[in-house]
Amino acid sequence: MLSHIALVWLSVAAAVTSNDELESIPLICNPETFQSGSPKLGAGVTIKSIEAQEQRNHVSHAREHDLGIRENLNFCQVKAHLNHEGSEDDVLVEVWLPLSRDDWNGRFQATGGRGMATGLLGGALGPAVDQGYAASSTDGGHGVADSDDATWVLRENGTIDWNLLINFASRSIVESIILGKHFTEKYYGAKPKYSYWNGCSMGGRQGYMLAQQYPHLVDGILANAPAISLTHLVMAEFWPQLVMKEEGLWMSDCELSYFRQKAMEDCDMIDGVNDGVMSEPGLCDFDPLHVIGQVFYCDDRPVEVSRNMANIVKRISEGPRTPLKKSLWHGLMHGTSFEALANTRITEEGIRRSQPFPITSNFIQSFLVKDNSFNVTRLNYADYMALWIQANSEFGWILDADEPNLTSLQSSGTKLLTWHGTSDPLIPYQSTVQYRKRVEMIMGGAHEVDKFYRLFLAPGVEHCASGNGPVPTDPLSALVEWVENEQPPETLEAGTMTYEGDRVTRDLCAWPGVLQYMGIGDAKRASSWSCHGGTVRPEEDKGQQALSDEDLEGGRAAQILGGLKDRLQGLDMGLTIG
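This is the structure:
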């Protein structure tokens, strides 16, 4: 009888032989490679066609979410067109596969959309392939040329195209994942070892939809600045335009930025550093009414702050209210840019007029009024309240990803990681914090929820990227560490460059932790800041965080000493360590 050790060696030998055989099989990028087999896409789904061709030295352009340009990409480009029974839709699922096995990291990444686009296609696939991922994206059957466009949701007869809406809401991202993993296996002859979701804004909403309904499809979900309660959000984004109309004043960008500047002057030092970033905007008690009568300059012209101006800024920061002054949704925090949602235009006659945020006006036209030519600037407060109710009752059930019961996510083993900029001018970060609190209420509290869902706030960062604050540098790698090595992130590395060209770094805190300057050292260095007010870990977990022998040999101990070294150097005392 073979010994246990002999059996182990036989298994290893078989695995090595199998891998060697796999490596010897050439990779072929043509339609025939992907046409065999039947991926489980569900009843009534037909794959109409599959195209596949090699792409070499490809350049991928992506303006969205600061994804940047990727050059010299070599991959197998697969395009599959799907149709759903009973409809005339033509859904494109595009999959990019690193051309050689050596360039594939063994992982799969499904990518999300933005605005009213279900996916970004090449704009998101390029960065994923550049990092070694096999990746997928989809257009949901309505294209991606204009991510602000919502006209696709209306049929020619003025009724809602529910098939395309179902695609947009969730179905197409599920199909993109299933088909993407299927094509990955067909090309490489092996399933991906791990699968991930990566999206921001609308892609963040899609990630939360996966977490709530389909967590088993992936191992990790990176869902940033998520439009969780989409119907509330798009209606709230019209609020600044309505406020200006009611106040009878259309404010310029210069006038709005003055109030932002005054708020920063009042609240920037709350965290101990005057750097143009509020670590806790919720603690800022700036009152716009206190600057009435002050004079500033726009285009070399003196402007005096009026009560109307102050009222507009105050009401925008408060957010939409009912006639009884009950809050409907979150406003924009003081210190955040109001210009995107309180945008105006100048007519040929030199008169300032309303210029609503495109996604919001398009949503109202196509989804609610069901007239793509409707002039949304005609809306008054009563109209707005009626449309708010309609948006939530007619579309909330299918578009909102705000179910706090994450039992399926918890039991699946899949991890959910989110970061959200506190200066986001489009999606208030408070909405993500509110959702996280709701999850904690029914899922056992902060510590239990942290085992499968972690949130990080990025002070001073705007929508998905940019802003004055340090932006997370590689949150996907942090998620990979959590999923594959069981190392949940307590902090996220972040960085940015000042206008003077200085590098600024932070280690962002896991919510509800908040960054505080320690009072010594260079405030531009992450080591000069620490997290306060975070989740208290039970005693059994604290023991796991003690320094082990391995830590002392150069791991965690080295990080601690390195941070101390940074702080001493920041003091310019001439002291050295090591």
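Residue numbers for the sequence shown, in mature numbering (1 follows the signal peptide of the UniProt record, and there is no 0): -18 to -1, 1 to 560. Glycine is no exception: its CB is placed at the ideal position from the N, C-alpha and C atoms.
For F150, the closest C-alpha among the options A117, A116, Q188 and G403 is that of Q188. The region 114 to 126 and the region 74 to 81 touch, with no fewer than 3 CB-CB distances between them shorter than 8 Å. No Cβ-Cβ contact shorter than 8 Å links I252 with L271. Q17 sits exposed, since fewer than 16 C-beta atoms from the chains shown fall within 10 Å of its C-beta.
Exposure of K433 is indicated by the presence of fewer than 16 other C-beta atoms within 10 angstroms of its C-beta.
The beta-carbon distance between H43 and G94, rounded to whole angstroms, is 18 Å. This is too long to meet the 8 Å contact definition. CA-CA distance, N12 to A383, rounds to 38 Å.
For G181, the uninterrupted beta strand (DSSP E) segment begins and ends at Y176 to C182. Between the region 354 to 372 and the region 213 to 231 there are three or more C-beta pairs closer than 8 Å, enough to call the two in contact.
For A447, the three-state secondary structure derived from DSSP is coil. F438 is the residue among F438, E247, E482 and E466 whose C-alpha sits nearest the C-alpha of E475.
Under DSSP, the beta-bridge partners assigned to Q35 are Q59.
Boundaries of the beta strand (DSSP E) around E475: T473 to M479. Per DSSP, the beta bridge partners of Y279 are P284.
Secondary structure note for C236: its alpha helix (DSSP H) is the uninterrupted segment D235 to C249. Residue burial annotation: C249 is buried, with at least 16 other C-beta atoms found within 10 angstroms of its C-beta. By the beta-carbon neighbour count (other beta carbons within 10 angstroms, threshold 16), C58 is buried. Linking C236 to S288 through their CA atoms gives a straight-line distance of about 14 Å.
Bridge pairing for D489: E475 [DSSP]. For Y170, the enclosing alpha helix (DSSP H) starts and ends at S154 to Y170.
Pairing L9 with K173, the inter-Cα distance amounts to about 14 Å. Taken through DSSP and simplified to helix, strand or coil, K30 comes out as strand. If you look at P80, you'll find it in the beta strand (DSSP E) that goes V73 to P80. With a threshold of 16 other beta carbon atoms within 10 Å, S261 meets it and is buried.
Within the region 78 to 107, no run of alpha helix (DSSP H) reaches 4 residues while sitting entirely inside it.
Sixteen is the threshold: when 16 or more other Cβ atoms of the shown chains lie within 10 Å of the Cβ of C491, as they do, the residue is buried. Residue pairing for A116: DSSP places it in a beta bridge opposite F90.
If the five residues before and after H214 are omitted, its C-beta is found closer than 6 Å to the C-beta atoms of W311, all from its own chain and listed in chain order. For I51, there is no enclosing alpha helix (DSSP H), as DSSP marks it with neither H nor E.
As the crow flies, the alpha-carbon of T517 is around 19 Å from that of R488. T400 is bridged by DSSP to L437.
In chain order, A492 place their CB closer than 7 Å to the CB of E472, counting only its own chain and leaving out the 5 sequence neighbours on each side. DSSP, reduced to helix, strand and coil, places S20 outside both helices and strands of the structure shown, so it counts as coil. Under DSSP, R303 takes part in a beta bridge, and its partners are S309. Look at T329 here: in three-state DSSP terms it is coil, with no helix or strand label. Rounded to whole angstroms, the separation of the alpha carbons of S390 and T166 is 26 Å.
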